[in-house]
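One structure below.
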Amino acid sequence: MNKSEYKFKEKKNTACFTCVHVMTKRKPILFVSHDDDSSWEFTCGANGHSDEEIKIISLEEATIIDNSINELANMSEGVCAERENIEAKWMKK
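Under our numbering, the first residue of the sequence shown carries the number 1259, and numbering increases by one thereafter.
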């Protein structure tokens, strides 16, 4: 998948939540949530992030960090997906 590919219906500058671990590329995106309020979350999957560890980035930035999240662009609100590692397939819940 090309890094410039963007499959989300939302505008590229849509704000979304991530954790500092993903934003700084120390850990991959392993958990994605499309919340009931239409917001998106892309985190490393660890539980209990502090408020200081949660950051806001654009949806486009999230796809640049990990373009495999484009596979989840049509995920319904109220659904989440996770994977065990960056090579694993996304499993929706």
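Cβ atoms here follow ideal geometry from the backbone N, Cα and C, with glycine treated the same way.
Owing to the predicted nature of the structure, the values given are computational and were not obtained by experimental measurement.
Range covered by the alpha helix (DSSP H) that runs through HIS1279:
From DSSP, the alpha helix (DSSP H) with HIS1279 extends over 1278 to 1281.
Closest Cβ-Cβ distance between THR1276 and chain C: below 9 Å?
You won't find chain C in this structure, because it holds only one protein chain.
For THR1301, three-class secondary structure by DSSP:
Three-state result, THR1301: strand.
Residue of ARG1341, HIS1307 and MET1349 minimising C-alpha distance to PHE1275:
Looking only at ARG1341, HIS1307 and MET1349, the smallest Cα-Cα distance to PHE1275 is reached by HIS1307.
Would you identify the three-state DSSP class for ALA1346, choosing helix, strand or coil?
In the structure shown, ALA1346 sits in coil (DSSP, three-state: anything other than H, G, I, E or B).
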